[in-house]
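Novice: With the first letter of the sequence shown counted as 1, position 339 gets the number 445 in our numbering; the numbers rise by one all the way through.
Note that beta-carbon positions come from the ideal geometry of N, C-alpha and C, so glycine has one too.
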Amino acid sequence: MLLAMTAKNKKMKGKFQPDKNGYFGQFGGAFIPELLYPNVKELEDNYIQIIESEEFQKEYKSLLKDFVGRPSPLYFAKRLSEKYGAQIYLKREDLNHTGAHKINNTIGQILIAQKLGKTKIIAETGAGQHGVATATVCALMGLECTVFMGEKDIVRQAPNVARMKMLGAKVVPATSGSKTLKDATNEAIRYWIQHPETFYLIGSVVGPHPHPDMVARLQAVISEEMKWQLKEKTGNENPDTIIACVGGGSNAAGAFYHYMDDEEVELIAVEAAGLGVNSGESAATSQLGQVGIIHGSKTILMQDEYGQIVEPYSISAGLDYPGVGPLHAFLFESGRAKFMNATDKEALDAAFELTKIEGIIPALETAHALAVLPKMTLRKDQVIVINLSGRGDKDLETFIKHLEE
Numbered sequence: 107m108l109l110a111m112t113a114k115n116k117k118m119k120g121k122f123q124p125d126k127n128g129y130f131g132q133f134g135g136a137f138i139p140e141l142l143y144p145n146v147k148e149l150e151d152n153y154i155q156i157i158e159s160e161e162f163q164k165e166y167k168s169l170l171k172d173f174v175g176r177p178s179p180l181y182f183a184k185r186l187s188e189k190y191g192a193q194i195y196l197k198r199e200d201l202n203h204t205g206a207h208k209i210n211n212t213i214g215q216i217l218i219a220q221k222l223g224k225t226k227i228i229a230e231t232g233a234g235q236h237g238v239a240t241a242t243v244c245a246l247m248g249l250e251c252t253v254f255m256g257e258k259d260i261v262r263q264a265p266n267v268a269r270m271k272m273l274g275a276k277v278v279p280a281t282s283g284s285k286t287l288k289d290a291t292n293e294a295i296r297y298w299i300q301h302p303e304t305f306y307l308i309g310s311v312v313g314p315h316p317h318p319d320m321v322a323r324l325q326a327v328i329s330e331e332m333k334w335q336l337k338e339k340t341g342n343e344n345p346d347t348i349i350a351c352v353g354g355g356s357n358a359a360g361a362f363y364h365y366m367d368d369e370e371v372e373l374i375a376v377e378a379a380g381l382g383v384n385s386g387e388s389a390a391t392s393q394l395g396q397v398g399i400i401h402g403s404k405t406i407l408m409q410d411e412y413g414q415i416v417e418p419y420s421i422s423a424g425l426d427y428p429g430v431g432p433l434h435a436f437l438f439e440s441g442r443a444k445f446m447n448a449t450d451k452e453a454l455d456a457a458f459e460l461t462k463i464e465g466i467i468p469a470l471e472t473a474h475a476l477a478v479l480p481k482m483t484l485r486k487d488q489v490i491v492i493n494l495s496g497r498g499d500k501d502l503e504t505f506i507k508h509l510e511e
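(1) Could you spell out where the alpha helix (DSSP H) holding R269 opens and where it closes?
(2) Should the stretch 455-472 be regarded as contacting the stretch 332-339, the criterion being three or more beta carbon pairs within less than 8 Å?
(3) Tell whether a beta-carbon distance below 8 Å holds between K258 and S282.
(4) Using the Cβ count rule (16 or more neighbours within 10 Å means buried), how would you classify L509?
(5) Using only the alpha-carbon positions, how far apart do Q193 and E417 sit?
(6) Where in the stretch 274-300 do unbroken runs of the alpha helix (DSSP H), each at least 4 residues long, occur, reported from the N-terminal end onward?
(7) How many whole angstroms separate the CB atoms of K444 and L394, which I take to be in contact at a CB cut-off of 8 Å?
(8) Can you check DSSP and say which residues form a bridge with P302?
(9) Determine the contact status of G496 and E230, defining contact as a CB-CB distance below 8 Å.
(10) Find out if the Cβ-Cβ distance for the pair I228, A294 is shorter than 8 Å.
(11) Under a Cβ-count criterion, where at least 16 other Cβ atoms within 10 Å of its own Cβ denotes burial, should A390 be classed as buried or exposed?
(12) Alpha helix (DSSP H) containing L307: first to last residue?
(13) Can you tell me whether DSSP reads E219 as helix, strand or coil?
(14) Report the option in S403, G402, Y419 and V397 whose CA atom is closest to the CA atom of Q409.
(15) For the putative contact between A241 and L273, defined by C-beta atoms under 8 Å, what is the C-beta separation to the nearest angstrom?
(16) If I'm right that V491 touches N447 with Cβ under 8 Å, what's the distance once you round it to whole angstroms?
(17) Out of I415, T405, E165 and G413, which one is the CA nearest neighbour of G532?
(18) Within a Cβ cutoff of 6 Å, which residues of the same chain sit near G191, ignoring the five residues on either side of it in sequence?
(19) Between which residues of its own chain and N115 is the CB-CB distance below 7 Å, once the five residues before and five after are set aside?
(20) List the DSSP bridge partners of C244.
(21) Apply the 10 Å Cβ neighbour rule to A453 and answer buried if 16 or more other Cβ atoms are within range, or exposed otherwise.
(22) How do the stretch 343-353 and the stretch 236-254 stand: do at least 3 beta-carbon pairs fall below 8 Å, yes or no?
(23) According to DSSP, simplified to helix, strand and coil, what is I213?
(24) For S356, which residues in the same chain have their Cβ closer than 6 Å to its Cβ, ignoring the five residues on either side in sequence?
(25) Would you list the residues sitting across from S403 in a DSSP beta bridge?
(26) Alpha carbon to alpha carbon, how far is G134 from M270? Give it in angstroms, no decimals.
(27) Would you mind stating whether K288 and I156 have Cβ atoms separated by less than 8 Å?
(28) Can you name, in chain order, every residue of its own chain whose Cβ lies under 6 Å from the Cβ of A435, other than the five neighbours on each side?
(29) Suppose the cutoff is 6 Å on Cβ atoms and the five residues either side in sequence are ignored; what does the same chain contact list for F130 look like?
(30) Can you give me the Cβ contacts of Q488 inside the same chain, cut-off strictly under 8 Å, excluding the 5 residues immediately before and after it?
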């Protein structure tokens with residue numbers, strides 16, 4: 107039985123915060139099996155109080171500073187700016203411990219799990235960055251960790267699988283469907299139903315309420331830093347444009363968070379077009395999707411006429427997802443964010459370009475955000491922040507295959 111859970115938390119301020127029932131506009135909610143109701147309800151009743159407590163904030167900020175290495179730099183990309191005729195800054199989440207933005211969320215959630223008395227942690231991962239970040243914080247806190255990962259992703263993200271195992275995590279392959287992120291999430295939820303005493307440390311702004319809101323709050327440190335860093339560098343805390351890649355959408359949620367209610371700031375979310383939006387091999391959810399329910403929330407997802415999920419495709423494991431988080435579905439439907447997309451080839455070209463002219467190898471996910479620059483009409487004085495969500499070490503095998511092309 108699926109329960110459409112009703113939340114009782116106070117309504118947060120701002121048009122793009124969830125309402126008392128966990129909805130962003132028409133998207134969100136908690137559509138969950140009855141067995142999971144106590145777990146999700148416990149989290150919903152406590153997460154805001156825990157996050158806003160002085161004790162949590164002190165420990166969270168201390169770990170972000172001394173363990174993760176925050177604040178991450180806001181770097182002015184001089185040569186990239188000269189090429190595209192704009193003022194382009196890169197928010198260097200790739201320089202965080204473990205190599206991506208994912209650690210911001212796992213640090214926060216592991217503290218919440220401890221406050222709730224949980225000792226066993228499960229997670230899903232696509233590109234492996236969330237899996238590594240979860241395994242890292244579990245090692246830090248001495249907690250048992252199981253990570254579900256698509257069999258296909260285990261092969262193409264082998265370095266991250268090795269890191270997870272080295273950190274003491276058990277990596278469980280998902281062998282159904284496309285054997286990617288969607289299927290890893292399915293397996294994690296299936297395990298969670300069978301073992302409700304575990305804490306499911308979701309990696310993106312997806313899943314039943316309160317997970318999308320909780321993950322967005324923990325990733326909001328990105329835009330919080332951007333404000334004072336931009337003020338320092340440009341005299342204005344607001345950029346003209348923020349660009350971030352979107353699969354489920356955690357890095358974009360963090361980059362957009364403190365700017366969502368400020369209509370002066372253009373928000374651009376970039377999805378993976380794969381071999382082309384209309385090729386049948388794509389993950390451009392906003393262009394191909396319809397309203398439906400996936401992994402416990404109502405959102406926009408790729409589905410056929412019978413409501414069955416259409417398998418997504420992207421060269422990037424972290425964007426290879428058939429849906430988008432409910433916050434992003436609302437940003438798209440409301441028109442607050444502009445949704446663009448980039449093909450595999452465009453992302454590869456953008457990754458090689460950044461590497462050669464700025465000396466930074468980006469993750470394939472991040473490369474999609476960079477890939478829309480040639481498609482935009484830019485001004486010399488336009489201040490753009492691109493969220494450089496992860497580093498490309500994990501994708502070297504893919505990059506090597508395309509070096510000679």
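Specialist: Reading off the structure:
(1) Start and end: A264 to M272.
(2) Flag = no, the stretch 455-472 and the stretch 332-339 do not touch.
(3) One thing to note: K258 has its Cβ no nearer than 8 Å to the Cβ of S282.
(4) Here L509 is exposed, its C-beta having fewer than 16 other C-beta atoms within 10 Å.
(5) Put simply, the backbone Cα of Q193 is about 38 Å away from that of E417.
(6) Taking 4 residues as the minimum length, the alpha helix (DSSP H) runs contained wholly in the stretch 274-300 are 287-300, in order along the chain.
(7) Incorrect: roughly 17 Å between the Cβ atoms, too far for contact.
(8) Paired residue(s): none; P302 is not in a bridge.
(9) Between G496 and E230, the C-beta spacing is not below 8 Å.
(10) Yes.
(11) Burial state of A390 is buried, judged by a 10 Å Cβ sphere holding 16 or more other Cβ atoms.
(12) Neither: L307 is in no alpha helix (DSSP H) and is coded neither H nor E.
(13) Per the sequence presented here, residue 219 reads as Ala, with Glu not at that position. It is helical.
(14) Out of S403, G402, Y419 and V397, V397 has the C-alpha closest to the C-alpha of Q409.
(15) Contact between A241 and L273 holds, since their C-beta atoms are separated by about 4 Å, short of 8 Å.
(16) Approximately 20 Å separates the beta-carbon atoms of V491 and N447; this is outside 8 Å, ruling out the contact.
(17) Lying outside 107 to 511, the shown extent of the chain, residue 532 is not represented and no answer is given.
(18) Residues L484 and K486 of the same chain have their beta carbon placed closer than 6 Å to that of G191, with the five preceding and five following residues left out of the count.
(19) Confidence is the limiting factor: at N115 the pLDDT is only 42, short of 50, which leaves the residue's position unreliable, though a coordinate-based value still follows. If we look at N115 and ignore the five residues flanking it on each side, its Cβ neighbours are K126, E150 and I154.
(20) Answer is none; C244 lacks a bridge partner.
(21) Counting other Cβ atoms within 10 Å of its Cβ, A453 reaches 16 or more and is therefore classed as buried.
(22) Pairwise C-beta distances place the stretch 343-353 out of contact with the stretch 236-254, as fewer than three of them are shorter than 8 Å.
(23) DSSP, read as helix, strand or coil, puts I213 in helix.
(24) Excluding residues within five positions, the ones whose Cβ falls inside 6 Å are S310, V311, V321 and Q325.
(25) Checking the DSSP bridge columns, you'll see S403 partnered with I400.
(26) Taking the straight line joining both Cα atoms gives about 31 Å.
(27) Taking 8 Å as the Cβ cut-off, K288 and I156 do not qualify as a contacting pair.
(28) In chain order, F133, T405 and I406 place their CB closer than 6 Å to the CB of A435, counting only its own chain and leaving out the 5 sequence neighbours on each side.
(29) These residues qualify, in order along the chain: P124, P432, L433 and F436.
(30) So the list reads A192, Q193, D346 and T347, once near-sequence residues are dropped.
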